[in-house]
Amino acid sequence: MADEKIHWADLLADKIIKERGKKDQYVCASGITPSGTVHIGNFREIITVDLVVKALRDKGKKVRFIYSWDDYDRFRKVPKNMPKQDLLKKYIGIPVVDTPDVFGCHKSYADHLEKELEESLPAVNIKPEFIYQHKMYRACKYAKEIKYVLNNKEKIREILNKYKDKELLPGDWWPAGIYCEKCKTDNTKILDYDNEYKLSYECDCGFSNEIDFRKKGIVKLSWRVDWPMRQHIEKVDFEPAGKEHYQHPGGSRITSNETYAVLYNDMKHPIDLKYDFVILKGIGGKISSSLGNVITLNDCLEVYQPEIVRFLFAGTRPNTEFAISFDLDVVKIYEDFDRLEEKYYNDDKIDERDKRIYELSCIKIESKKPERIGFRHMTMLVQIYDDLKKISKDKKILERAQCARNWIEKYAPEEFKFKIHEKISKEILKLLDKKQKDSLKLLKEILEKKRFDEKSLFNEFYEICKTTEISNVDFFRGAYLALIGKEKGPRLASFILAIGKEKVVKLLKEAK
Ligand SMILES: [Zn+2]
Ligand SMILES: [Zn+2]
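This note's numbering runs 626 ahead of the 1-based position in the sequence shown.
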């Protein structure tokens, strides 16, 4: 396919321009109910939109990127990873924005979850305009739309019933709910509607009232209708949705699209896109799914630099499932990125798609190739130097160093970890045979005598082996045992140079 050469975000941008026509401004939307931790799977939606927004802007288009916090939705279920489960259970049925922050640091439960994401997005250069739906509803901004929906409830019922085999919507069904003025829950029933702005209701708590929803923002459209209503009012051109919303029969995005077309036939429903799940790899016992613990963008940023996080998503088509790795693959992913960067700056034959993956990954495209230290090498350096500033003063290099240190401490396989000996213990000395001790003595003498770079030192190892008639395998094993007490370690020549000649010489003196 010829399209394979063009990045998916650019293809989508072209599609949006073509199908939605010429506009002064295009609107791209994303959103979520802050009812639980916003995890990396949810982030996939945000970055999918961001990549399309950037693709549109690169084509010279003006774009409004909105992110809806659906914080006027009811609190349905207590997520397993939240503290104070019993306390939270008491708030089921009230808006998430009125549920208390169980961490005790924000105005509300919703506010806590919202801020957690809002504060982490700028790091990956994502800056949407946030819309807080509780504010919109409470300020009665949707009164007209609510009236329109209530008057068209039969059309909506028809769409929703189409996907139901047995239990059709009951006769007294309404596409909206009311939050009780007394107990705040939506355990209410609409009793009467005057086809204008007056609704009467009663609540399970015993309270009943008649209200004018131009004056009291307590009526909330049910979410299958709320979604197309807002897309209509916000003039959304593009909004993706997770694959669970497309499930048959009657996935919420399917009914939302149909509802949009029936209610707002002035335009076709916004262009949509189904994105797949993100799975996690290599988190082992750190995260227990039975506890409902989840990985957030911040957790990813502990291990991956921002451009690498973007690279993971920019380099994968949204409709394919992919894994974010915390195991050994982390090293490979950094190497893939560095290779792409090298190609971008130094290979004229780089293909268009790769070029775009790089551009869309970068927080800022530098005029000159940024200085980098490979991640594998970095994992060694961060274990040699306590103070990372000794590795470099460059901000981006230090950022990578911190990621490497976090990875070593939290996720790296044992074989990657080491601690350099201060002294060689008696136990280790017992493990070294005569040939190994002789070769280490020779290594020490050579190090004292000459200056080396990595290559010349590496060549020297083979001279040592010849002279002391030791096998290469035994020599390297002896050296690692002396330095770190393990049989394997980082590439020896660069390892010795990174530790520093003096320290190695001092240590090897003891190998006798
Ligand atoms: Zn908080
Ligand atoms: Zn009530």
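Beta carbons: idealized from backbone N, C-alpha and C, even for Gly.
Keep in mind the model is a prediction, meaning the values are calculated, not measured.
7 angstroms CB neighbourhood of residue i in its chain, flanking five on each side removed
| i | result |
| --- | --- |
| residue 1139 | No information on residue 1139 is available, as it lies outside the stretch 627 to 1138 that the chain covers here. |
| residue 1030 | 1001, 1004, 1005, 1008 |
| residue 915 | Low confidence applies to residue 915: its pLDDT is 49, below 50, so where it sits in the model is not reliable, and the reading given next is rough at best. None. |
| residue 1124 | 1006, 1007, 1010 |
| residue 879 | 867, 871, 872, 898 |
| residue 957 | 1001, 1002 |
| residue 667 | 903, 904 |
| residue 756 | 693, 695, 744 |
Identified DSSP bridge partners for residue i
| i | result |
| --- | --- |
| residue 700 | 721 |
| residue 818 | 826 |
| residue 904 | 948 |
| residue 834 | 828 |
| residue 846 | 803 |
| residue 689 | 652 |
| residue 694 | 657, 757 |
| residue 867 | 900 |
Reference residue i; option with closest CA among the options
| i | options | result |
| --- | --- | --- |
| residue 983 | 839, 995, 934 | 934 |
| residue 1065 | 882, 1103, 830, 1047 | 1103 |
| residue 881 | 964, 974, 781 | 781 |
| residue 1052 | 950, 798, 1138 | 1138 |
| residue 771 | 812, 886, 659, 1007 | 886 |
| residue 963 | 932, 1034, 1039 | 932 |
| residue 690 | 719, 717, 723, 656 | 656 |
| residue 942 | 959, 928, 952 | 959 |
| residue 851 | 820, 884, 832, 756 | 884 |
| residue 726 | 795, 735, 991 | 735 |
| residue 1041 | 1109, 796, 1115 | 1115 |
| residue 894 | 925, 906, 909, 858 | 858 |
| residue 1109 | 1043, 921, 716 | 1043 |
| residue 937 | 808, 785, 724, 751 | 751 |
| residue 1122 | 1112, 1054, 1046, 807 | 1046 |
| residue 652 | 711, 836, 669, 688 | 688 |
| residue 1033 | 759, 645, 927, 1089 | 927 |
| residue 763 | 1062, 1055, 699, 961 | 699 |
| residue 876 | 773, 988, 757, 791 | 791 |
| residue 665 | 645, 695, 921, 1027 | 921 |
| residue 838 | 889, 765, 864, 783 | 765 |
| residue 953 | 965, 939, 929, 945 | 929 |
| residue 1022 | 828, 821, 990 | 990 |
Same chain, Cβ closer than 6 angstroms to residue i, neighbours up to 5 away in sequence not counted
| i | result |
| --- | --- |
| residue 640 | none |
| residue 635 | 677, 678, 681 |
| residue 1119 | 1080, 1083, 1084 |
| residue 729 | 738 |
| residue 995 | 971 |
| residue 844 | 804, 805 |
| residue 638 | 678 |
| residue 951 | 907, 908 |
| residue 1101 | 1065, 1091 |
| residue 853 | 882 |
| residue 818 | 826 |
Residue i Cβ short of 7 angstroms to ligand 2 heavy atom set
| i | result |
| --- | --- |
| residue 900 | no |
| residue 815 | no |
| residue 808 | yes |
| residue 811 | yes |
| residue 926 | no |
| residue 766 | no |
| residue 937 | no |
| residue 833 | yes |
| residue 988 | no |
| residue 829 | yes |
Residue i CB to nearest heavy atom of ligand 1 below 7 angstroms
| i | result |
| --- | --- |
| residue 701 | no |
| residue 874 | no |
| residue 697 | no |
| residue 727 | yes |
| residue 732 | yes |
| residue 760 | no |
| residue 738 | yes |
Cβ neighbours of residue i in the same chain (closer than 8 angstroms, five flanking residues each side left out)
| i | result |
| --- | --- |
| residue 1132 | none |
| residue 798 | 815, 816 |
| residue 974 | none |
| residue 671 | 656, 658, 866, 867, 868, 901 |
| residue 1134 | 1066, 1067, 1069, 1070, 1073, 1108 |
| residue 709 | 728, 729 |
Residue i beta carbon near ligand 4 (any heavy atom closer than 7 angstroms)
| i | result |
| --- | --- |
| residue 837 | In the structure on display, ligand 4 does not appear, and the ligands it does have are ligand 1 and ligand 2. |
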